[in-house]
Amino acid sequence: MAPPASTARARARKSTGTVLDDSGSDDDLQAYSLRLQEASAARARLKKAREERDKKCKALLSAYQGALSSIQDRIKKSVSKYHDLHSVVHTSRLLRLKKAVEARDQKLTAIAKKMADVQRIMSNHSVQLSALYEGRRKDLAAMLLQPKPKKHGEDGAADAAGLTQSSGQEDAQGSAVAKKASSKPAAAVVKVGIKDKWRAANALC
Numbered sequence: 002m003a004p005p006a007s008t009a010r011a012r013a014r015k016s017t018g019t020v021l022d023d024s025g026s027d028d029d030l031q032a033y034s035l036r037l038q039e040a041s042a043a044r045a046r047l048k049k050a051r052e053e054r055d056k057k058c059k060a061l062l063s064a065y066q067g068a069l070s071s072i073q074d075r076i077k078k079s080v081s082k083y084h085d086l087h088s089v090v091h092t093s094r095l096l097r098l099k100k101a102v103e104a105r106d107q108k109l110t111a112i113a114k115k116m117a118d119v120q121r122i123m124s125n126h127s128v129q130l131s132a133l134y135e136g137r138r139k140d141l142a143a144m145l146l147q148p149k150p151k152k153h154g155e156d157g158a159a160d161a162a163g164l165t166q167s168s169g170q171e172d173a174q175g176s177a178v179a180k181k182a183s184s185k186p187a188a189a190v191v192k193v194g195i196k197d198k199w200r201a202a203n204a205l206c
């Protein structure tokens with residue numbers, strides 16, 4: 002710190018050995034020293050203010066960077082959670098769709114199996130009916146083609162003619178009765194076969 006003005010003037014007098022006329026210079030020196038002191042104080046205050054400002058700026062910058070990093074972290078976490086949730090929802094939907102498709106395939110397989118069983122049963126019944134019909138037809142043909150026994154003895158031409166006429170009528174009546182009798186069992190067998198088919202189909206379904 003600079004010495005006071007009076008000390009400086011005393012030293013100047015001692016060194017020169019002369020007495021200076023400092024009636025007006027003391028005020029100037031005091032004013033100058035005051036201005037210097039005020040300037041130094043102002044510089045000190047300015048320096049302190051700058052330091053405080055720098056500290057505040059650094060603190061604000063660090064706070065801003067911390068807040069920005071925390072916000073970025075939160076945004077990243079939110080985005081990752083959203084993607085995870087979206088993937089989980091999509092996966093669950095795909096699993097439900099897969100289960101539905103598998104259930105549908107199982108139902109279709111069961112229906113196809115039942116249809117195959119029904120077709121097999123129907124084909125077996127048709128074969129049985131065809132065989133039964135052929136057997137009945139052959140039996141009826143054999144019955145119709147079988148010759149009738151002739152009576153022994155001759156009672157005359159009239160009796161022979163009457164017998165021939167009566168035998169022809171009996172043959173016609175017998176063939177008609179045989180046709181009716183054969184048609185009734187065949188129809189009954191067909192009806193029974195159809196009922197059995199429907200029962201088997203209902204049991205499979």
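In terms of my numbering, the sequence shown has 15 at position 14, counting the first letter as 1, and numbering is strictly consecutive. Just so you know, even glycine gets a beta-carbon here, dropped at the ideal spot from N, CA and C. Predicted model, so just to flag it, every value in this text is computed and none were measured.
Contacts around residue i, its chain only, beta-carbon distance under 8 Å, and the 5 residues preceding and following it disregarded
i	result
residue 65	none
residue 73	none
Same chain only: Cβ atoms within 6 Å of residue i, ignoring 5 sequence neighbours per side
i	result
residue 114	none
residue 83	none
residue 120	none
(message) Which complete beta strand (DSSP E) runs does the region 79-116 hold, if anything under 3 residues is left out?
(response) none
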